[in-house]
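Accompanying notes for the structure given below.
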Amino acid sequence: MNVPVELRTERLLLRRFRPGDLDDLFEYANTPGWERHLINVPYPYTRQVAEKFLAMFMDTAKWEQQGILANFAIVLDRNVIGEVYLNQRADDHESQRAEIGYSLSSLHWGKGLMTEAARAVVDWAFQTYPINRMYAWSDPRNIGSWRVMEKLGMKREGLLRSHTKWNGTFRDRLYYGILRTELEAGAARPVAQASRL
């Protein structure tokens with residue numbers, strides 16, 4: 015699924031990843047604590063790992079088979095500082111739901127940037143796709159992540175105990191979701207400007 019779109023918010027540009035983003039990706043993935051609550055992300059995050067992830071982010075031909083609707087680089091002052099992605103696997107597609115996920119350089123935590131970026135993608139996704147439900151999940155210890163979900167208007171839906179095994183440790187998952195009707199009921203918030211590339 016090739017989505018040639020850019021989203022602009024008050025402070026950010028959200029766009030597709032480019033080959034020149036390698037240094038920024040490597041840098042933000044190595045900020046202190048960035049990997050702490052992420053699952054399936056190797057640490058240490060070597061340059062070779064960054065190259066592999068960047069190639070995956072840019073290979074839009076494989077997006078559809080992996081269930082990826084969109085993957086945006088978060089750009090602040092010309093530097094990539096994180097990402098927001100939107101997934102829709104086969105069972106999600108049939109049920110008109112999608113998953114949003116994100117990560118941000120720890121140097122930019124606590125500034126509202128992740129909420130700003132995620133809100134733009136949520137609004138764009140509901141305008142672009144026939145989605146009835148958007149969901150996200152987090153390690154319950156990742157307070158910043160689930161606070162972003164709450165600021166997006168998502169409701170806490172449940173805790174799956176020992177749901178994922180990562181590096182030999184079972185981890186819980188905290189799930190949040192928002193319905194189209196809930197988003198539309200509170201839709202008086204600003205939407206990002208979208209532009210085709």
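Taking this note's numbering, the leading residue of the sequence shown gets 15, the next gets one more, and so forth.
Glycine is no exception: its CB is placed at the ideal position from the N, C-alpha and C atoms.
Values in this document were obtained by computation on a predicted structure and should not be read as measured data.
Can you list, in chain order, the residues of its chain with a C-beta nearer than 7 Å to that of Trp160? Leave out the 5 residues immediately preceding and following it. As a working note, residue 160 is residue 146 in the sequence shown. Once the five neighbours on either side are set aside, the close Cβ partners of Trp160 are Ser152, Leu188, Tyr190.
Enumerate in chain order the residues of its own chain whose CB-to-CB distance from Arg185 is below 8 Å, with the five nearest sequence positions on each side excluded. Position 171 of the sequence shown holds residue 185. Around Arg185: Ile53, Asp153, Ser176, His177, Thr178, Lys179.
Leaving aside the five residues before and after Leu26 along the sequence, list all residues of the same chain whose C-beta is less than 8 Å from its C-beta, in chain order. As a first step, residue 26 is located in the sequence shown; it is residue number 12 there, counting from the start. Answer for Leu26: Ile88, Val89, Leu90, Leu127, Glu130, Ala131, Ala134, listed in chain order.
For the 8 Å Cβ check, are there 3 or more pairs between the stretch 39-51 and the stretch 112-122? yes
Suppose you measure from the CA of Gly1 to the CA of Glu78; what does that come to, to the nearest Å? An answer regarding residue 1 cannot be provided, because it is not within the stretch 15 to 211 covered by the chain.
Short of 7 Å in beta carbon distance, which residues of its chain neighbour Pro204, apart from the five on each side in sequence? Order them along the chain. Position 190 of the sequence shown, counting from 1, holds the residue named residue 204. Low confidence applies here, because Pro204 scores a pLDDT of 46, under 50, leaving its location unreliable and the question unanswered by this model.
Under a Cβ-count criterion, where at least 16 other Cβ atoms within 10 Å of its own Cβ denotes burial, should Leu100 be classed as buried or exposed? Position 86 of the sequence shown, counted from the start, is the residue given in the question as residue 100. Leu100 should be labelled buried.
Which partner residues of Phe40 appear in the DSSP bridge assignment? Here residue 40 corresponds to residue number 26 of the sequence shown, with the count starting at 1. DSSP output for Phe40 lists no bridge partner at all.
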